[in-house]
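This report concerns only the one structure given below.
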Amino acid sequence: MASTMLLKNGTVLLHDAQDQVTATKTDLLISNNIISRIGSNISNDDIEAGTEIMDCTDKLISPGFVDTHHHVWQSQLKGRHANQGLMQYMASGRLLSNVFDAEDVFWGQLAGCIEMIDGGTTTVVDYAHGCHGQESNEAAISATASSGLRSIYCYSPPLTVTSWDPFTLDQNSLTEDVFAILSSLAKASPFADGRVTIGFAFDAFHFLPKQYLDMLMSTLASIPLITLHYCYGPTGSFSIPQAIESKGYLDERFLIAHSTNMPREDVALYHKRGVHLSSTPSTEMQASMGGPVPCFNEKYEGQNVKELCSLGVDCHSNNSAYLPGEAKMALQSARGQRSQAFLDASKQTRSTGDYTVEEAFNQATIRGARAAKMGASIGSIAVGKRADLVIFDATSPAMICGAVKDPVAAVVLHSSPADIEMVIVDGIVRKRGGKLLSVGLDDNGKKTVKGRSQLAWSDVAKELLASQGKLEKKLEGIDFEKAEVGLMEAWHIDPATVVDSI
Ligand SMILES: [Zn+2]
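Laid out in structure tokens, this is it:
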């Protein structure tokens, strides 16, 4: 239950109108799911009876993190992709949605959401390509609602393997079933008191014949967020956003993942249409998508590209779901690439230029909120915004001293989920005293697991491991190398462009 809570005397990271962050010693009053007051010395006379008062001396209070690109269903796939490139992951990870039933989806999704909450992510744009059919989509939404996370659940037409041997892919992704599920989810949205809403995720807008594109865009008329993957090169230099624009359908609802190496014309187009992008540095670096992330790429000098950018985790099957970790990854890898140009000229960088921890922090907070098209209600700590907050222990071994001298650096460069003492989403505490709280299963009270409607993380872990074991059995005998070859054939990727040496 959301309740009234007074956070006393914390160091609060406040954004000003120019997105500059100031660490301010102050009190914070939460009334139900809203930040209702910020100011020093909010007294007991100012609060209603029953208000929980928490002493936040030596605590650092940050806006909840906003992850703008994440495939939340993939928890059971952790450990499969450590040394894989993109096409290997596609065959042995992405396609495994085909062996997940609705129960597997539920546990994978719930665990994925909980990992995010543990690390202070309070909102996700979920590119939900793990579900085949209505039941699986409903299971994923139910798990998301149960977790307490805020989510824009972007329904995605499934990628269906009709046979593993010989490998055959169903090339018709926009079936009647897809339109029916999309319409029914859109009609039922929002879920969980407005915390979970419906968006749409699809990578093939530019391939659709006009009549199908018109039909799809008309079905999407009431959908507030549309997302897709896009990398410019190396196996095909083609601008998908420009193709969608040429068909008259690019608008401010679009959020485009990656956009690495895009031409400058794309940046101008994103500004013109109000399109945002999401960078996922760990997966982009591993999956040969190029870099540095557009936010820290000198190629776009003078184009104010930062305003368009945000961060995502992409695959928690492959890397941690801790968003400040991705902020650090984006910042430091870009600094590394920038410094190489100096070294090539027999010089060294005197400073890090304008590649700052504040900008990396903003990518994970306020800019993420705008990319999710929710800038007015989340992403910063301000009166009237939703109470989505992360409270760090500023005296932990990792954060101490840094949190006094430069609190933003402490979050971006020094912190981990272990330093997070409390996470509040929509006014409800989901992690307290450094421990995850139990989740209540959301299915109008119908759903129980072994008679229980409240689950501790240890209960979820047990079910998740059982699901992983069941899936591993289903995967015995599948030749993923053959699937990789078959997938490249189906997608018309020239195998000579996907190689291990040059
Ligand atoms: Zn992705």
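Just add 17 to the spot in the sequence shown (first one is 1) and you have the numbering used here. Glycine residues also receive a C-beta, built at the ideal position from the N, C-alpha and C atoms.
- With contacts defined by Cβ atoms closer than 9 angstroms, Gly136 and Ile445 do not form a contacting pair.
- Sequence-distant Cβ neighbours of Glu65 in its own chain, meaning closer than 7 angstroms and more than five residues away, are Thr21.
- Gly216 sits in a strand when the DSSP states are folded into three classes.
- In this structure, Tyr170 has its CB at a distance of at least 8 angstroms from all heavy atoms of ligand 1.
- Inside the segment 346-427, DSSP marks whole beta strand (DSSP E) runs of 3 or more residues at positions 406-410, from first to last along the chain.
- Each of Gln357, Gln93, Val429 and Ser206 was checked against the Cα of Leu77, and the nearest Cα belongs to Val429.
- In this structure, His293 has its beta carbon at no less than 8 angstroms from each heavy atom of ligand 1.
- Within its own chain, the residues whose Cβ lies closer than 6 angstroms to the Cβ of Thr297, once the five positions on either side in sequence are excluded, are His86, Gly329 and Asp331, listed in chain order.
- Taking all protein chains shown into account, Pro207 has fewer than 16 neighbouring C-beta atoms within 10 Å of its C-beta and is therefore exposed.
- Taking each of Gly401, Ile169 and Ala386 in turn and checking the Cα distance to Arg212, the smallest one comes out for Ile169.
- Distance from the C-beta of Asp331 to the nearest heavy atom of ligand 1 is below 8 angstroms.
- Taking the C-beta atoms as reference points, Gln188 is found no nearer than 9 angstroms to Gly147.
- Secondary structure at Ser180: strand, using DSSP grouped into helix, strand and coil.
- Cα atoms of Thr214 and Thr192: separation of roughly 23 angstroms, rounded to the nearest angstrom.
- Per DSSP, Lys25 is one residue of the beta strand (DSSP E) stretching across Met22 to His32.
- In summary, Val400 is exposed, with fewer than 16 beta-carbon neighbours lying within 10 Å of its beta-carbon over all protein chains present.
- Residue environment: Glu501 is assigned as buried (16 or more neighbouring CB atoms within 10 Å of its CB, all protein chains considered).
- Unbroken beta strand (DSSP E) stretches of 3 residues or longer found wholly inside the segment 313-339: none.
- For Tyr144, the shortest separation between its Cβ and any heavy atom of ligand 1 lies below 8 angstroms.
- Taken through DSSP and simplified to helix, strand or coil, Arg167 comes out as strand.
- The way I'd put it, the segment 480-493 doesn't touch the segment 507-516; fewer than three beta-carbon pairs between them come closer than 8 angstroms.
- Excluding its 5 nearest sequence neighbours in each direction, His431 has C-beta neighbours in its own chain below 7 angstroms: Ala415, Met416 and Gly419, listed in chain order.
- DSSP, read as helix, strand or coil, puts Phe208 in strand.
- Rounded to whole angstroms, the Cβ separation of Phe117 and Gly125 is 7 angstroms, and the two are in contact under 8 angstroms.
- For the pair Asp410 and Ser79, the Cα-to-Cα distance works out to about 11 angstroms.
- Between Phe82 and Ala381, the C-beta gap is smaller than 9 angstroms, which places the two residues in contact.
- Fewer than three beta-carbon pairs drawn from the segment 355-368 and the segment 152-159 are found closer than 8 angstroms, and the two stretches are therefore not classed as touching.
- The alpha-carbon separation between Tyr317 and Val516 amounts to approximately 29 angstroms.
- Per DSSP, reduced to three states, the secondary structure at Cys148 is coil, with no helix or strand assignment.
- Bridge pairing for Cys73: absent [DSSP].
- When distances are taken from the beta-carbon of Thr300 to the heavy atoms of ligand 1, the shortest one is below 8 angstroms.
- The beta carbon of Asp84 sits closer than 6 angstroms to the beta carbons of Thr138, Val141, Gly329, Val330 and Leu340 from its chain, once the five residues preceding and following it are set aside; these are given in chain order.
- For Asp75 and Ser433, the gap between their C-alpha atoms comes out near 17 angstroms.
- Taking the C-beta atoms as reference points, Asn335 is found nearer than 9 angstroms to Gln303.
- When Arg403, Ala145 and Glu262 are compared, the shortest CA-CA separation from Leu112 is found for Ala145.
- For Ile261, the enclosing alpha helix (DSSP H) starts and ends at Ile257 to Ser263.
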